[in-house]
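> Just dropping this structure here.
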Amino acid sequence: MYTHILLPTDGSDLSKAAIKHGVALAKATGAKITALVVSTPLHSLVVDPHAATKALAQYKSLVADQTAKYLDHVKEDAEQAGVACSTLCVEHDKPYEAIVDAARNEDCDLVLMASHGLRGVSAILGSETLKVLTHSTVPILVYR
Numbered sequence: 001m002y003t004h005i006l007l008p009t010d011g012s013d014l015s016k017a018a019i020k021h022g023v024a025l026a027k028a029t030g031a032k033i034t035a036l037v038v039s040t041p042l043h044s045l046v047v048d049p050h051a052a053t054k055a056l057a058q059y060k061s062l063v064a065d066q067t068a069k070y071l072d073h074v075k076e077d078a079e080q081a082g083v084a085c086s087t088l089c090v091e092h093d094k095p096y097e098a099i100v101d102a103a104r105n106e107d108c109d110l111v112l113m114a115s116h117g118l119r120g121v122s123a124i125l126g127s128e129t130l131k132v133l134t135h136s137t138v139p140i141l142v143y144r
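Be aware that the sequence shown starts at 1, since it is given in the UniProt record's numbering, and climbs by one per residue.
Below, the structure is given as structure tokens:
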């Protein structure tokens, strides 16, 4: 059925629940997993990138620490279940594009990701899951 599942995570509780589901699915199907964290470049978060130059090293260190924690969590879950797991960290302005690209580049046959169940304008403007659903050619399983 599935041989390689991409598990994007943002470290949220819902994302952690989706990871547990993805690891269980991988174990049941004999698939391997790739855990993915997409970080946003600092220049995407500030109005004046030149003003943030001093904070860049601190920001990168913070992102690296958080990313390592998120990926370690997935690796621990996979190891406990006996599922092969690789990890990937990508910096990208548009997380959905990084997820779609990773699924294609890593030859994944399923992306399993959480949906935060946003409603109204928040859902329209901010749903990375919806954007992945819209742009991916790889099947998506949405965990709610």
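The beta carbon of each residue, even a glycine, is placed where N, CA and C say it ideally should be.
(1) Using DSSP bridges, identify the partner residues of Glu89.
(2) What does the alpha-carbon distance come out to for the pair Ser127 and Val142?
(3) Need the endpoints of the beta strand (DSSP E) that Val142 sits in, please.
(4) DSSP three-state label for Lys60, please.
(5) Just to check my reading of the structure: Leu6 and His116 have Cβ atoms closer than 8 Å, yes? What is that Cβ distance to the nearest angstrom?
(6) Exposed or buried, Leu112, counting other C-beta atoms within 10 Å across all chains shown (16 or more means buried)?
(7) Mapping the DSSP letters down to three states, classify His4 as helix, strand or coil.
(8) For the 8 Å Cβ check, are there 3 or more pairs between the segment 30-41 and the segment 130-142?
(9) Would you decide whether Ser61 is buried or exposed? Buried here means 16 or more other CB atoms lie within 10 Å of its CB.
(10) Indicate the three-state DSSP secondary structure (helix, strand or coil) for Ala114 in the structure shown.
(11) Strictly by DSSP, which residues pair up with Lys32?
(12) My understanding is that Cys89 touches Ser39, with C-beta atoms under 8 Å, so please give their C-beta distance in whole angstroms.
(13) DSSP state of Lys75, grouped into three classes?
(14) For Pro95 and Tyr70, what's the separation of their Cα atoms in angstroms?
(15) Would you mind sorting Gly82 into buried or exposed? The rule is 16 or more other CB atoms within 10 Å of its CB.
The short version:
(1) Here residue 89 refers to the residue found at position 89 when the sequence shown is read from its first residue. Going by the sequence as given, residue 89 is Cys instead of Glu. Paired residues: Val37.
(2) The sequence position of residue 127 within the sequence shown is 127, counting from 1. The sequence position of residue 142 within the sequence shown is 142, counting from 1. Roughly 12 Å between the two C-alpha positions.
(3) One-based indexing of the sequence shown puts residue 142 at position 142. Looking at the DSSP string, the run of the beta strand (DSSP E) that includes Val142 is Ile140 to Tyr143.
(4) Sequence index remark: in the sequence shown, residue 60 carries index 60 (1-based). Here DSSP, grouped into helix, strand and coil, assigns Lys60 to helix.
(5) Along the sequence shown, read from residue 1 onward, the residue named residue 6 stands at position 6. Along the sequence shown, read from residue 1 onward, the residue named residue 116 stands at position 116. Not really, about 18 Å apart at Cβ, beyond 8 Å.
(6) Within the sequence shown, the letter at position 112 stands for residue 112. So Leu112 ends up on the buried side.
(7) Residue numbering aside, residue 4 sits at position 4 when the sequence shown is read from its first letter. Three-state result, His4: strand.
(8) no
(9) Numbered from 1 along the sequence shown, position 61 holds the residue referred to as residue 61. When all chains shown are included, Ser61 counts as exposed.
(10) Locating residue 114 in the sequence shown gives position 114, counting from the first residue. Here DSSP, grouped into helix, strand and coil, assigns Ala114 to strand.
(11) The count along the sequence shown starts at 1 and reaches residue 32 at position 32. Under DSSP, Lys32 shares a beta bridge with His4.
(12) Within the sequence shown, the letter at position 89 stands for residue 89. Within the sequence shown, the letter at position 39 stands for residue 39. The Cβ separation is near 7 Å, so the contact holds.
(13) Along the sequence shown, one-based indexing puts residue 75 at 75. Helix at Lys75.
(14) Mapped onto the sequence shown, residue 95 falls at position 95. Mapped onto the sequence shown, residue 70 falls at position 70. Using only the alpha carbons, I get a separation of about 16 Å.
(15) Translated into the one-based positions of the sequence shown, residue 82 becomes position 82. Exposed, since its Cβ has fewer than 16 Cβ neighbours within 10 Å.
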